[in-house]
Each structure stands twice: as C-alpha cells, then as structure tokens.
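Quick note, the sequence shown lines up with residues 737 to 915 if you use my numbering.
Quick reminder that beta carbons are idealized off the backbone N, C-alpha and C, glycines included.
Working notes, structure below.
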Amino acid sequence: VSEDEPIDQELLEIFLAEATEVLDAISEAVAHSRRTPSDQQYLTTIRRGFHTLKGSSRMVGLNAFGEGAWALEQTMNLWLADNQSASPDLFQLIEAASSRMRVWVAGLESGRPVAIEPAGLIASAESFGRDGRFIEPVDVSVAEALAVPVEAPIAPPAALVEPAPAVAVAPGAVAPDAD
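The structure is reproduced here in structure tokens:
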C-alpha cells in the first residue's frame, strides 16, 4: 500500500489504539529498565514494541511511520545481540523515538494531514548504532531550513588576505609590475 492511497479508516482506528498501547508499554519498559539496566527482558519488550509498530503501521499504509519504527527495531536488535546493559544514551534514543511517534499518532487521531518524516529519527538511530551516543533527531524540514545554499565560493574578507611581499628594488632599477 502506498502512502498516496487512501487509508482504510477502520484499520487506522485499530492501528491508533494499538500504537498508543504499544508506546505506553515501551514507556513502562523504559522505566523498569532504568531501575535494572542489565535486565535484557525490558530491552526485549522495547524491541518487540518497535517491531509491532513497524508491522502494524505498514499494514495500514503508513510506510514512513514503519521506517522509523524499523530503524529503532534494528538498533535494539544490535544492542540485544551484544548483550549490553541499557545506557543513558539508549534511553534518550528510545524516548525521542517514542515521543516523535506519539506526535505522529496524535496528528493522525486529529484527522488533519500529518507529515510523518522519519529521516531524522532514522539518522539518529543509525548514528547511535555506530558509536552508542545519542544525537537528537532533526527533521528534514528543519535541516533544510537551516541549510545555507552556496552557489559560488565566497572570497575571504580583505582584512584576511595577506598583502604581497615587498620587492626590494636596487637604486636605479625599474620595479616589476604588480599585474
């Protein structure tokens, strides 16, 4: 199902109810995991939650939502495969993803058009997977607004340009042209 096709409203209602329950379960698992970060069962619950969000959002046709959930599922898979204890950065990533997904769910519940832009979340999850540090997701629209297009190289200010070295001219000799 492409996101250009209309979404079945009955399936959407079911997805929204399930998404809220899953996000609540993820929040609860994070709270338990903070108390016992080495307990893998809570991290497994979180991974399953993102797996469920991925599958159910794709079934409804919310593929962008599914891509965001998939990125977190993959991050959790790698973390669990290494049998690592939860870290503050991992919690930040999970909470940022959950928060963003709750915004998407609320937008869908409102019935108004909602832009589900997972690129920032995906980039944050991929970055975390490389070095284990959390970087706040930035939406593409925000990144584009901050980007400054450079059409031509910018010359440095005159004060930063070093003057040409002075050329010593012997008495009676002609100074070379500076051109």
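To the nearest angstrom, report how far apart residue i and residue j are at their CA atoms.
i: Ile871; j: Gly865; result: 11 Å
i: Pro873; j: Leu829; result: 9 Å
i: Ala805; j: Met812; result: 11 Å
i: Leu789; j: Phe827; result: 18 Å
i: Ala842; j: Gly797; result: 17 Å
i: Glu831; j: Leu748; result: 24 Å
i: Pro742; j: His768; result: 39 Å
i: Leu857; j: Ala833; result: 7 Å
i: Gly791; j: Gly847; result: 22 Å
Using a Cβ-Cβ cut-off of 7 Å (strictly less than) and excluding sequence neighbours within five positions of residue i, which residues of its own chain qualify?
i: Trp840; result: Phe801, Val850 and Ile852
i: His787; result: Glu809
i: Leu814; result: Gly865
i: Arg783; result: Glu809, Met812, Asn813 and Leu816
i: Leu779; result: Ser769, Met812, Trp815, Leu816 and Ala822
i: Arg838; result: Leu759
i: Thr756; result: Val841
When DSSP labels each residue in this structure, what does residue i get in the three-state scheme?
i: Gly785; result: helix
i: Phe751; result: helix
i: Pro889; result: Low confidence applies here, because Pro889 scores a pLDDT of 43, under 50, leaving its location unreliable; read the following figure in that light. Three-state DSSP puts Pro889 in coil, outside helix and strand.
i: Ala883; result: The predicted model places Ala883 with a pLDDT of 47, which falls under 50 and marks its position as unreliable, so this point remains unresolved.
i: Ala767; result: helix
i: Ser821; result: coil
i: Glu872; result: coil
i: Ile852; result: coil
i: Asp760; result: helix
Starting from residue i, trace the alpha helix (DSSP H) both ways and give me its first and last residue.
i: Pro824; result: Pro824 to Ser846
i: Thr772; result: Segment: none, Thr772 is in no alpha helix (DSSP H) and carries neither H nor E.
i: Leu814; result: Asn799 to Ala817
i: Asp867; result: Ala855 to Asp867
Apart from the five residues just before and just after residue i, which ones in its own chain have a Cβ nearer than 6 Å to its Cβ?
i: Pro773; result: Ser821 and Ala822
i: Gln745; result: none
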